[in-house]
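Below: the structure, in structure tokens.
Residue numbers (our numbering), protein chains in the order written: chain B, 1 to 110; chain X, 1 to 113.
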């Protein structure tokens, strides 16, 4: 079983709509959680950290559910520029161990 | 702002040949990493270095070696390339412990024939 699993998508979203997707992790001792964004053939970049209480950054909302071991990302009022692959990243109990999911592709259409 | 610079951007290599992927950062970050990214598998850690002079093995270290002679440079060497090493390689750095923010280079696309 992969340590971090994501639905690969693609999630096809009309412009202006809301899209949400989850990421599950297997290690209950995981310490911290992040969402990265990766554009086609580009390097990943940090989108946002995920805090226990949930957090929001503009149109993006991240949630953590420790009991069920998943994190989620919700994008409101989707823009064409939101089209990308979103990588779920989980830090294990030891320094240096960041586990990346394979990514969820989001395609926002006009 | 340079950040992390990788070279080459892409390379085609004959199986059995050696190759060094270069990675240089100008952010004075202590930690540096090499990942490979393959379709459907996500980013997998090859080797890492928490500080100059130290290195460690990641999830998929076989067939690769690294060195960290100074803070800025973290080259990745394939001693004898095999086709399964065809991948996109990303170098990354991190400036602080206990954060998840990695700064990535633009990647090196390697094809081994």
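Where is the CB? At the ideal position from N, CA and C, for every residue including glycine.
{"Item": "Opening and closing residue of the beta strand (DSSP E) in which residue 51 of chain B lies", "Value": "No beta strand (DSSP E) holds residue 51 of chain B; DSSP gives it neither H nor E."}
{"Item": "Residue 80 of chain B (DSSP reduced to helix, strand or coil)", "Value": "helix"}
{"Item": "Buried/exposed call for residue 53 of chain B, threshold 16 Cβ in 10 Å", "Value": "exposed"}
{"Item": "Neighbourhood of residue 111 of chain X by C-beta, 6 Å cutoff - its chain only, sequence neighbours within 5 removed", "Value": "12 and 86"}
{"Item": "Contacting residues, own chain, Cβ-Cβ under 7 Å from residue 12 of chain B (five flanking each side not counted)", "Value": "107 and 109"}
{"Item": "Cβ neighbours of residue 14 of chain X in the same chain (closer than 7 Å, five flanking residues each side left out)", "Value": "113"}
{"Item": "DSSP three-state assignment for residue 67 of chain X, whether helix, strand or coil", "Value": "coil"}
{"Item": "Local Cβ density within 10 Å of residue 102 of chain X, reported as buried at 16 or more and exposed below that", "Value": "buried"}
{"Item": "Any C-beta of chain B under 7 Å from that of residue 40 of chain X", "Value": "yes"}
{"Item": "Cβ of residue 3 of chain X within 7 Å of any chain B Cβ", "Value": "no"}
{"Item": "Option nearest residue 22 of chain B by Cα separation, candidates B:6, B:31, B:29 and B:50", "Value": "B:6"}
{"Item": "Element boundaries [beta strand (DSSP E), containing residue 74 of chain X]", "Value": "Run containing residue 74 of chain X: none; DSSP gives neither H nor E here."}
{"Item": "Nearest neighbour of residue 33 of chain B, chosen from B:71, B:82, B:85 and B:75 [CA to CA]", "Value": "B:71"}
{"Item": "Anticipated Cβ contact below 8 Å, residue 6 of chain X with residue 108 of chain X, distance rounded", "Value": "5 Å"}
{"Item": "Cβ of residue 101 of chain B within 7 Å of any chain X Cβ", "Value": "yes"}
{"Item": "Within-7 Å CB hit, residue 78 of chain X to chain B", "Value": "no"}
{"Item": "Cutoff 7 Å: residue 110 of chain X Cβ touching any chain B Cβ", "Value": "no"}
{"Item": "In chain order, each alpha helix (DSSP H) run of at least 4 residues that lies wholly inside the stretch 17 to 52 of chain X", "Value": "none"}
{"Item": "Amino acids of chain B, ordered along the chain, whose beta-carbon sits closer than 8 Å to that of residue 43 of chain X", "Value": "44, 87 and 100"}
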